[in-house]
Each structure stands twice: as structure tokens, then as C-alpha cells.
Amino acid sequence: MAGLSLGLLGVMDLMVNIVAVRILGFNLVELGVLNAAWTIAVIPSLRHANALSNAGLTRRPVILGLTSLTVFIVLLYDTVVARNITLVYPAYMLHAVAYSYIKTGCQTAVLESYRSSSWSYYSRRLSQFAVLSQGVGLLAVSRVWSGLFQAWNYLALSLAILLVNASLMMLIPQPSLRFERILTRIEQYLKKGLTRIHGYLTVSSLDYADGDKLNMIVDRFLGEGVSIPVLALALVSFRVGNEYLFTPLPYVFIYYMGLRTPDVIALYGLGMILGFVIMLVMPSNVASKGALTLSVLAKIAGVVSIVVWRPALMASSSLLALIYVSNIVIDTTLYTIYIQATSGSNVGLYSMVAEASSLFGTLTSGLVMVALGLNTTLLVLVALNLAPLLLVGENW
Numbered sequence: 103m104a105g106l107s108l109g110l111l112g113v114m115d116l117m118v119n120i121v122a123v124r125i126l127g128f129n130l131v132e133l134g135v136l137n138a139a140w141t142i143a144v145i146p147s148l149r150h151a152n153a154l155s156n157a158g159l160t161r162r163p164v165i166l167g168l169t170s171l172t173v174f175i176v177l178l179y180d181t182v183v184a185r186n187i188t189l190v191y192p193a194y195m196l197h198a199v200a201y202s203y204i205k206t207g208c209q210t211a212v213l214e215s216y217r218s219s220s221w222s223y224y225s226r227r228l229s230q231f232a233v234l235s236q237g238v239g240l241l242a243v244s245r246v247w248s249g250l251f252q253a254w255n256y257l258a259l260s261l262a263i264l265l266v267n268a269s270l271m272m273l274i275p276q277p278s279l280r281f282e283r284i285l286t287r288i289e290q291y292l293k294k295g296l297t298r299i300h301g302y303l304t305v306s307s308l309d310y311a312d313g314d315k316l317n318m319i320v321d322r323f324l325g326e327g328v329s330i331p332v333l334a335l336a337l338v339s340f341r342v343g344n345e346y347l348f349t350p351l352p353y354v355f356i357y358y359m360g361l362r363t364p365d366v367i368a369l370y371g372l373g374m375i376l377g378f379v380i381m382l383v384m385p386s387n388v389a390s391k392g393a394l395t396l397s398v399l400a401k402i403a404g405v406v407s408i409v410v411w412r413p414a415l416m417a418s419s420s421l422l423a424l425i426y427v428s429n430i431v432i433d434t435t436l437y438t439i440y441i442q443a444t445s446g447s448n449v450g451l452y453s454m455v456a457e458a459s460s461l462f463g464t465l466t467s468g469l470v471m472v473a474l475g476l477n478t479t480l481l482v483l484v485a486l487n488l489a490p491l492l493l494v495g496e497n498w
């Protein structure tokens, strides 16, 4: 149910961008500003959602998200019917608030309900089902797009989305005690303490060891993996690169490639379904250096192919699937490193850094593409996507 809820939020996300480009006539810069407004709304709501998460609450964030989602659905309908450019901004910001609370509630439920050794597995499953749900939902929307905003059709869609989220609110587990994250935090602190003590004892017995060997031992025992600042820099590069790709992409498909609106929506939907199929045959442990390397290179290949080749519908869907899968592996890897480094605390902080990076990316994406052109922007995209691999791979 959590994956279905997040998937439907993704459907509504793309719908707002399609409405802005096709119905309201937004250009690249205006589209970037609209997405920046979404990010501005995400950051404070994630801060509050993070506080609820640290208190072990899962149901309350979902309730807050459901409330925001209800108002968003009404405003989106009014935006389309009245062709009101002003209304699309508060509507999209309410979508951001709903996303913040519902996603954080689902992530917190994973951390509170399963052993820490299973966090990566269940986080990945949540992402996979969200992708599948969004893909199926987009395909359905593409079939009825011409009549979607007729009153009864939109009412049926709205009731379905609200029913799913109401069911999530009732079914999401709300643990009464926060054992797993507390025990994991204690375990991580003890490991760090014992490692340092053992390291000091070993070094003291090697006072006269040669310098290279001594440095190797110090690095082994005092090193604690990827530091939070390095991880944050990798996450910033990853998210800015995503915004430079995904924010203008609907505009590129519609105006550069000349696709009809239902075809664009179907393209996204097929890409996600193909991505889900690929994920089913992927190894169970994707949070690894090898998987991160492969995913970064595959994502770059997909981005370059779309921009340079500009392929037909099915080929574009396949390349989008490649990008989706790569993104999930990269994001899951960075998130897994984060929750291991912080022992599962401050879940929302990861999202806040990610969305702050997205704010910069969305605000500048349209300006960068207009100023540099599509081909030069492609070089920037390649550099931004390589950076997480170089940063994390060097220290992991």
C-alpha cells in the first residue's frame, strides 16, 4: 500500500508538469520556477516530518499528507478548468507537502518495523513498488488524458487516490516502542568505540614499525567509511544532475521531439514499468560499490542517448527505464550509507539535503539550458552524474 501511495503521488507530479507545459504554456524558465516552488514547500514540511520520524511516529505524517493531498486535488482541477496560472503554484506546493509527510511516514515505518540488517532490502522494495504503481498509473492516465479533467472522470481519479492514502493511514504500522533504531544506534557507537581502542593498542605495539605500515593501520582502524560531508556533496551533485535532466524533460519531449501529450505520459509510464521488470532480476544487494559504478555509467549512457539520438517512443521508454533503475540504485546506495552512518536517526535530514539541492537545480535548470544550449548542458549533466561515484567510491 505504501508503494502504491507513493506511485500515485508520482503520477500527480508528472500531471502538474504536463499541465504547466501543454495547457498553461510554460517555457523552460517558468517550468524551473514552478518546480523550485515545489522544492521550497518540501524543505520545511520535511523538517517537521523528520521531527515526527525521530519520535517514531508513522501514522501522523500520513494523516497530514492526506489532508494536503485532498486540497491539492481540488486546486489542480480549478487550475485546469479556469486556465489559472496563479493557482498551479499553491497546488504544486501542496503536492510537495503531501509527498514529504507520506514518504517520511513510509520510510519511518520501514526503520521501526524491521531489523537494521533488512533496512536496505525493504527500502528497495518500497522504491520498486512505487515505480511500478507510477508506471501503471501513467499508462492509465495516457489512455484517458483527453477527457481526464471532465468532472466525473477527475472525481473518480481523485476518489481512488484518496482511498489508497486513507487505507495507508489505517494500515501503516505504528510501533509503541522504538527498539530497533535505538539498539542500532547503541551498536554503532559501541563499534566505533571498540574500533578506536583496538586501533590505539595495535599502534602502541608498533611504535617502531615502518611508516607505510603504520599509516595503513591507522587508516584501517580510525577510518569510519564515508563521512557525512562527503556523502552530502555526493547527494547534492546527484540531485542537481537529476533536476537538470528531469525538470526540462517534458518540455524537451513535447517541443523538441514533437510528441503528443498522451504519448509523453505513456513514455514515462512504459519506462517505469520496464524499469520495474529490470529491478526484479537485479541482485538483492544493490548498495555496493560495483552496483553504484555500473548504475552511474548506465545513467550517463541513457542521458546521452536521449539528448543526442532523440529516439522514438519505445526506444525512449527503454532508455528512461535504464535511467530510472540507475537512479534507484544510486539513491538507495547513498541513503543506505546515510542510515548506516547515522544509525537510522534523522531520516528526514537526508531528504532535506536532497530537496535543498533540488531547489538550486530546479531554479537554474531552465536558465542553464537556455544559456548553454542542449549539447553543452549535456556535458554538465555528465560531470554532475560522475561526481557521486568519484566522491563515494574514493571513500567507501
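In the working numbering, the protein residues as written are 103 to 498.
Don't be surprised by glycine CBs; every beta carbon is placed ideally from N, CA and C.
Here's a check: name, in chain order, each residue in its chain whose Cβ is nearer than 8 Å to the Cβ of residue i, leaving out the five neighbours to either side.
i	result
alanine 403	Leu424
phenylalanine 281	Because phenylalanine 281 sits at a pLDDT of 48, beneath the cut-off of 50, its placement in the model cannot be relied upon, and the point is left open.
leucine 486	Ser339, Phe340, Val342, Gly343 and Tyr346
In its own chain, which residues sit with a C-beta less than 7 Å from the C-beta of residue i, not counting the 5 before and 5 after it?
i	result
proline 352	Asn119, Ile120, Val123 and Val366
arginine 245	none
leucine 492	none
alanine 200	Leu111, Gly167, Ser170, Leu171 and Phe174
isoleucine 330	Ala443
valine 113	Gln236, Gly239, Leu240 and Val243
glycine 295	Here glycine 295 scores only 37 on pLDDT, less than 50, and its place in the model should not be relied on; the value that follows carries that caveat. So no residue of the chain qualifies.
List the whole-angstrom C-beta distance separating residue i from residue j, where the pair is believed to meet the contact cut-off of C-beta under 8 Å.
i	j	result
phenylalanine 355	glycine 237	Not a contact, Cβ separation roughly 16 Å.
alanine 198	threonine 181	Incorrect: roughly 15 Å between the Cβ atoms, too far for contact.
alanine 336	valine 455	In fact, because the Cβ distance is near 10 Å, the residues do not count as touching under 8 Å.
alanine 151	tyrosine 203	5 Å
methionine 381	glutamine 209	Contact doesn't hold; Cβ gap of about 18 Å is too wide.
leucine 394	isoleucine 432	6 Å
glycine 207	threonine 160	5 Å
leucine 468	valine 131	Checking the sequence, you will find glycine at residue 468 rather than leucine. Sure, about 4 Å apart at Cβ, within 8 Å.
lysine 205	leucine 108	6 Å
leucine 480	valine 409	5 Å
glycine 371	tyrosine 426	Actually they do not touch by this definition, with Cβ atoms about 11 Å apart.
Short of 6 Å in beta carbon distance, which residues of its chain neighbour residue i, apart from the five on each side in sequence? Order them along the chain.
i	result
serine 460	Thr141, Arg341 and Glu345
proline 413	none
isoleucine 263	Leu110
threonine 464	Gly134, Asn137, Ala138, Thr141, Glu345 and Thr349
Assuming residue i is part of the alpha helix (DSSP H), what are its boundary residues?
i	result
threonine 172	161-184
arginine 124	That residue, arginine 124, is in no alpha helix (DSSP H); it is neither H nor E in DSSP.
serine 349	The identity of residue 349 in the sequence shown is threonine, whereas the question assumes serine. No alpha helix (DSSP H) contains threonine 349, which DSSP labels as neither H nor E.
serine 329	It is not in any alpha helix (DSSP H) - serine 329 carries neither H nor E in the DSSP assignment.
tyrosine 426	415-444
Measuring CA to CA, which of the options is closest to residue i?
i	options	result
threonine 478	Leu436, Leu347, Ala258 and Ser229	Leu347
alanine 104	Gly373, Pro163, Val144 and Arg149	Pro163
valine 484	Gly343, Met374, Gly468 and Leu171	Gly343
leucine 421	Thr435, Thr434 and Val406	Val406
arginine 226	Val338, Tyr437 and Trp411	Tyr437
glycine 392	Leu261, Ser428 and Tyr191	Ser428
valine 190	Met384, Gly158, Ile125 and Trp247	Ile125
alanine 258	Tyr179, Ile145 and Leu148	Tyr179
Runs of alpha helix (DSSP H) wholly within the region 359-411 (minimum 4 residues, chain order) = Within the region 359-411, the complete alpha helix (DSSP H) segments at least 4 residues long are 363-382 and 391-406, listed from N- to C-terminus.
message = At 4 residues or longer, what runs of the alpha helix (DSSP H) sit wholly inside the region 227-255?
response = none
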